[in-house]
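Notes for the one structure printed next.
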Amino acid sequence: MKVFTPGHLQELADELRRTYPFYNPYTDVDFHQLPITDKHLIAGNRALFEHPDVGRVIESFTSGTTGVPLRCVKTPEEIWKLSLTLYKHRKKWGLPSRHRMLLLSNRLLAEPRSLRHYAELMISEDPHFIQGRASALCALAEYMRDEGYSLPSSLLFTQNWGETLHGSQKERIEEVFRVPCVDYYGLEEFWCIAFAGQNGQLEIDESAVYVEIIDPASGHHVEEGEFGEVLVTSQIMKSLPYVRYRTGDIGSMRRDPETGRLLLQLLPVRTSQIRLPGAQVHSAVFRYLDKFFWELAAARGVRQFQIVQHTYTSFSVPLATEAPPSEFGDVLTKLSAFLHQAAGKTVELSIETVSRLEADPVSGKIPSFVCRISSNEEGE
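If you read the sequence shown in the working numbering, its first letter stands for residue 1098, the second for the next number, and so on.
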């Protein structure tokens, strides 16, 4: 695959105008004058974005961290290309062409007995690598250490995906599994954006994506090394194009003068954590309920959701829907149990229904979790 150049970007802009109704009006404009897109724009104008002759597609769904999961479609050919892109990076960490992967469930921390189940799979399946969210990898590592499990000799590395990998997590995972824990940045929409190189830094895959960092206020590109909003254009996806697509993340990029690789640094969202007395739990644990929230959107008419922590043990859940709160008793029960498990104590939870949720002014996302406890608050 070719690396994006100014000429290739203009070719892409011309192809978009010829193929997709949404882009038909954008004649005689530079690629960077095309509109910035996001989940809500695509979901609200889906027929204008989909390829007219797409053929058979496979469906999947995003996690819903921006309010409502997006239905993604990919052709078998696109999945094959996306898979090859990922394998190219994993091969750098020693992965053979014929390999075994242990994929940790997105709901590992929300389901009983899951840690024991995956620990036993580690022994029986003898994987070459484990893929999972950083919090799940950490939990599995600590469980296997505490329970005295032996490690498979085949294991080459573990791979984080879908969460920020913090240094302390990386150290714990590597200490137990005794192999590198490599980072990966991607989206369900088009998979790989960047993959960790041997020095641990995220390297943008310029053969698969074109990344822009813009000032959220002006929409202009920031200087190299400055932080801004991350936009991504996929070179692979044609069935549903993602062009100048908002990831909702804040990052910076720079060209390594020695290797020539384009490096990406993401700004971790440290405020989005469940606060407990003397401890914190990353709010990404709510991603393990992604199917649950998708079903709410599909079957119950919930357009957006959010979980708000008011005190150490008090939470509310605003749902953007016309239905009254009384219709969501099952949501109250399930989330109360989940929050009890995450917080380690009984919590108070209320359901609220609203017309809409406000997006974060910086990222443009509607975060799935908001903590309103001040950092110096000592009690409830």
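The beta-carbon is built from N, C-alpha and C at its ideal position, and this holds for glycine as well.
State buried or exposed for residue i, treating a residue as buried only when at least 16 other CB atoms are found within 10 Å of its CB.
i, result
"ARG1275", "exposed"
"TYR1339", "buried"
"LEU1145", "exposed"
"GLU1475", "Confidence at GLU1475 is low in this model, with a pLDDT of 45, below 50, so the placement of that residue is unreliable and no value is reported for it."
"PRO1354", "exposed"
"GLY1348", "buried"
"ARG1367", "Below a pLDDT of 50, predicted positions are generally treated as unreliable, and ARG1367, at 35, falls in that range; the measurement from the model is reported next regardless. By the neighbour-count rule (16 or more Cβ atoms within 10 Å), ARG1367 is not buried but exposed."
"PRO1277", "buried"
"ILE1227", "buried"
"GLY1046", "The chain is shown only over 1098 to 1477; residue 1046 falls outside these bounds and no answer can be derived."
"THR1418", "buried"
"ALA1420", "exposed"
"TRP1177", "exposed"
Does DSSP put residue i in a helix, a strand or coil?
i, result
"PRO1103", "helix"
"SER1331", "strand"
"GLN1295", "coil"
"THR1410", "coil"
"THR1182", "helix"
"GLU1445", "strand"
"LYS1462", "Unreliable placement is indicated for LYS1462, whose pLDDT of 49 sits below 50; the coordinate value is still reported in the next sentence. Correct three-state label for LYS1462: coil."
"LEU1360", "strand"
"VAL1366", "Low per-residue confidence applies at VAL1366: pLDDT is 45, beneath 50, and the placement is therefore not dependable enough to give any value."
"LEU1373", "strand"
"SER1349", "strand"
"PHE1554", "Because residue 1554 is not part of the residues shown, which for the chain are 1098 to 1477, the question remains open."
"HIS1129", "helix"
"GLY1325", "strand"
"TYR1246", "coil"
Which residue's Cα is closest to the Cα of residue i: the options?
i, options, result
"VAL1273", "PHE1158, ALA1305, LEU1237 and THR1261", "LEU1237"
"LEU1393", "ASP1223, ILE1139 and PHE1425", "PHE1425"
"GLN1401", "THR1116, SER1465 and ASP1243", "SER1465"
"PRO1374", "PHE1254, LYS1267 and THR1410", "THR1410"
"TYR1342", "GLU1445, GLU1286, LEU1253 and LYS1442", "GLU1286"
"PHE1101", "THR1430, MET1350, SER1331 and GLN1406", "SER1331"
"SER1315", "ILE1133, THR1408, VAL1154 and VAL1378", "ILE1133"
"MET1214", "ASP1150, HIS1437 and TYR1246", "In the sequence as displayed, the identity of residue 1214 is His instead of Met. Here the closest residue by C-alpha is TYR1246."
"PHE1324", "ILE1333, TYR1307 and ASP1346", "ASP1346"
"ARG1453", "GLY1398, HIS1196, HIS1407 and THR1430", "GLY1398"
Would you grab the beta carbon distance between residue i and residue j for me? Rounded to a whole angstrom, and I think it's under 8 Å.
i, j, result
"THR1172", "CYS1289", "The pair is not a contact, with the Cβ atoms about 17 Å apart (cut-off 8 Å)."
"ILE1310", "HIS1317", "Incorrect: roughly 10 Å between the Cβ atoms, too far for contact."
May I ask you to list the residues that DSSP assigns as paired with residue i?
i, result
"THR1255", "ILE1227 and CYS1278"
"GLY1283", "CYS1289"
"LEU1199", "ILE1227"
"SER1157", "CYS1169"
"ALA1417", "GLN1401 and VAL1451"
"GLU1300", "PHE1292 and LEU1360"
Does the Cβ of residue i lie closer than 8 Å to at least one heavy atom of the ligand GTP?
i, result
"CYS1468", "Ligands displayed in this structure: none; no statement on the ligand GTP is therefore possible."
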